[in-house]
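Asks: Mind having a look at this structure? Questions to follow.
Numbering (UniProt numbering), first residue to last: 1 to 397.
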C-alpha cells in the first residue's frame, strides 16, 4: 500500500528526550517550544519553622519538593535523577519514576494541553531490535496509561535527523550530551547491526574542559560554568593537532577567547584549551573509539552497493555537532581513511538547525497525513498489549 504524503492539520506533540535535554513542541513548527534539562531534583525541607522550639523538639515535619528541568539543575543538597544516560532511558525504579514525572510535568505545565486529545511522536536513539523492546514497551505504557495520549509513534532519532534534511539514505553522526553514534539509514530505517557508538560526547568535553581550566586557574569551576564556556569558546582543531602547543600564537580574536566567570572576572582562554577539550571526539580516550572510527566501522559493515550512498550524505546532528569546525574536520578524517573511490565522494552535511535535527524531523513527519497510518492508537495498544512489536511505528517514511 502506498502512503499519501499530504499535510495534516491535527496537532501532534513531538518529544525528544536526550541525555542532556528534553525537546518538546508541536508538529509543523520550526523549533521546539521548550528545551529543558532532562533532570528531576527532589529536595527535602522543614515544613514547620515557626519558632526555634519546634525545630529543637525534633517534631518538624519533612516534606519533599520536586523540581524539573532548569530549576532542578539549580538545586543544592537535593537528590538529582537523570532518567536518560548515555542516550538510553534507564529502567531502574528511580529513573522510571523520574521520567514519568517529567513527562507529566511537560504535558501539564510546559505545554498546558489536554493530553487525552493529542497524538504523540517520540524520538528514540535506539533502533528497532530486541534491545529496544523493553524501553519502548515501558514508554508506551506510560504514554497510554498515565499521560493518556490519543495515539503514539516511536521513531529512531537518526532517521528523523536525516529526514529533516530531505534525505532518506545516508550516514547520520549524532553527537549529543551523552553519546556519539554513527547510524546508517536506508529508506527511513536505521540499520541496527551497522550502528557503532562511543561514550564520548558533550558531557565528556565539558569534564575535560573542567579539568584543563582547574589546572589553568588553580581552582575548580562548576560544571554549569564549564558547559557555558564550552559553548562559547571551544572549537575543533581543523588539522587534528590535538591541541595547539603552548608557545604557539592564538589565532582567535579577543572576543572569541573571552569568557566571564561567575565572579565577574573576564579571562582569555587559550587555544590549546579551546581545542584540547574537543579533541577527545577524535581519539585519546582510553577504551573508546573516535568519531571517524565509528563512521568507518559503519560504512564497512553495510553492503558494498550502499557505501557510496552513505559517504555522499554524512549528516552531523545533535548539540555537540554545533562545535565550530567539527564537520570539515570529520570530512578530512574520513577522506584520509576511506578507499580512493569512496574518498572522492565524501560530503559532510552540516545543517544550520542540526542541534534539534531529530525533533525537527519528527515535526515534519508528524505533519503528514501518513502519521495516522503509522501511529498506534490506544485501542490498538490495549488489544495487542502482549506483543511488544506493536508498540513501535509500523512503517517509516
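Quick reminder that beta carbons are idealized off the backbone N, C-alpha and C, glycines included.
At what residues does the beta strand (DSSP E) containing residue 315 begin and finish?
Replies: Counting along the chain, the beta strand (DSSP E) containing residue 315 begins and ends at 314 to 317.
Asks: Is it buried or exposed, residue 304, if we count other Cβ atoms within 10 angstroms and call 16 or more buried?
Replies: So residue 304 counts as exposed.
Asks: Identify whether residue 220 lies in helix, strand or coil by the three-state DSSP scheme.
Replies: Three-state DSSP puts residue 220 in coil, outside helix and strand.
Asks: Tell me the residue span of the beta strand (DSSP E) that contains residue 153.
Replies: Looking at the DSSP string, the run of the beta strand (DSSP E) that includes residue 153 is 151 to 156.
Asks: Going by other Cβ atoms of all chains shown within 10 Å of its Cβ, with 16 needed for buried, is residue 230 buried or exposed?
Replies: With 16 or more Cβ atoms within 10 Å of its Cβ, residue 230 is classed as buried.
Asks: Can you tell me whether residue 44 is buried or exposed, with buried defined as 16 or more other CB within 10 angstroms of its CB?
Replies: Burial call: exposed.
Asks: In its own chain, which residues sit with a C-beta less than 6 Å from the C-beta of residue 378, not counting the 5 before and 5 after it?
Replies: Excluding residues within five positions, the ones whose Cβ falls inside 6 Å are 144.
Asks: List in chain order: all unbroken alpha helix (DSSP H) runs of 4+ residues lying wholly within the segment 182 to 230.
Replies: Segments of the alpha helix (DSSP H) lying fully in the segment 182 to 230: 202 to 217.
Asks: Would you kindly work out how many angstroms separate the C-alpha atoms of residue 148 and residue 103, rounded to a whole number?
Replies: Each residue's Cα considered, the two are about 11 Å apart.
Asks: Hey, out of 192, 23, 170, whose CA is closest to residue 111's CA?
Replies: When only C-alpha atoms are compared, the closest one is 23.
Asks: Ignore the nearest five residues each way along the sequence and tell me which others in residue 233's own chain have a CB closer than 7 Å to its CB.
Replies: Closer than 7 Å at Cβ, skipping near neighbours: 256, 257, 259, 269, 274.
Asks: Can you tell me whether residue 384 is buried or exposed? The criterion is at least 16 other CB atoms within 10 Å of its CB, across all chains shown.
Replies: Looking at its Cβ environment, which holds fewer than 16 other Cβ atoms inside 10 Å, residue 384 is exposed.
Asks: Could you pull the start and end residues of the beta strand (DSSP E) that residue 275 belongs to?
Replies: Run containing residue 275: none in the beta strand (DSSP E); it sits in the alpha helix (DSSP H), 271 to 276.
Asks: Report, in whole angstroms, the separation of the C-beta atoms of residue 196 and residue 297, which I expect to be a contact under 8 Å.
Replies: About 4 Å separates the two Cβ atoms, so the contact holds.
Asks: If you compare alpha carbons, which of 18, 164, 92 is closest to residue 363?
Replies: With distances taken between Cα atoms, residue 363 lies closest to 164.
Asks: Whole angstroms is fine: what's the gap from residue 15's alpha carbon to residue 105's?
Replies: C-alpha separation (whole angstroms): 13 Å.
Asks: So which of 352, 370, 371 has the shortest CA-CA distance to residue 31?
Replies: Residue 352 is the option with its Cα nearest to residue 31.
Asks: Quick check on the DSSP output: the alpha helix (DSSP H) that includes residue 37 runs from which residue to which?
Replies: Counting along the chain, residue 37 falls outside any alpha helix (DSSP H), though it belongs to the beta strand (DSSP E) covering 34 to 37.
Asks: To the nearest angstrom, how far is the alpha carbon of residue 247 from that of residue 271?
Replies: No answer about residue 247 holds up, because its pLDDT of 41 lies below 50 and its placement is not dependable.
Asks: Give the straight-line distance between the Cα atoms of residue 299 and residue 307, rounded to the nearest whole angstrom.
Replies: Rounded to whole angstroms, residue 299 to residue 307 spans 6 Å at the Cα level.
Asks: Give every residue of the same chain whose Cβ lies closer than 7 Å to the Cβ of residue 134, excluding the five residues on either side of it in the sequence, and list them in chain order.
Replies: So the qualifying residues of the chain are 91.
Asks: Of the choices 152, 183, 253, 34, whose alpha-carbon is the least far from that of residue 108?
Replies: Nearest option by C-alpha distance: 34.
Asks: Would residue 155 and residue 124 be called neighbours here (beta carbons separated by less than 8 Å)?
Replies: Going by C-beta atoms, residue 155 is nearer than 8 Å to residue 124.
Asks: On the CB-based measure, 16 or more other CB atoms within 10 Å of its CB, does residue 239 come out buried or exposed?
Replies: Result: exposed.
Asks: At what residues does the beta strand (DSSP E) containing residue 259 begin and finish?
Replies: From DSSP, the beta strand (DSSP E) with residue 259 extends over 258 to 260.
Asks: Applying the 10 Å Cβ sphere with the 16-neighbour rule, what's the burial state of residue 210?
Replies: Counting Cβ neighbours within 10 Å, residue 210 comes out buried, since at least 16 surround it.
Asks: For the 8 Å Cβ check, are there 3 or more pairs between the segment 277 to 294 and the segment 317 to 334?
Replies: Short answer: they touch.
Asks: Pick from 381, 367, 313: whose alpha carbon is nearest that of residue 170?
Replies: Residue 170 has its Cα closest to that of 313, out of 381, 367, 313.
Asks: Near residue 190, which residues of its chain fall below 6 Å by C-beta distance, leaving aside the five closest residues on each side in sequence?
Replies: Around residue 190: 127, 156, 158, 159, 183.
Asks: When you compare each of 37, 341, 201 to residue 284 by their alpha carbons, which one comes out closest?
Replies: Closest option to residue 284, Cα to Cα, is 201.
Asks: If you check the beta carbons only, do residue 224 and residue 73 fall under 8 Å apart?
Replies: Cβ atoms of residue 224 and residue 73: closer than 8 Å.
Asks: Using 10 angstroms around the beta-carbon of residue 343, count the other beta-carbons present and answer buried if the total reaches 16, otherwise exposed.
Replies: Per the 10 Å Cβ criterion, exposed.
Asks: On the three-state DSSP scale, how would you describe residue 167?
Replies: Coil.
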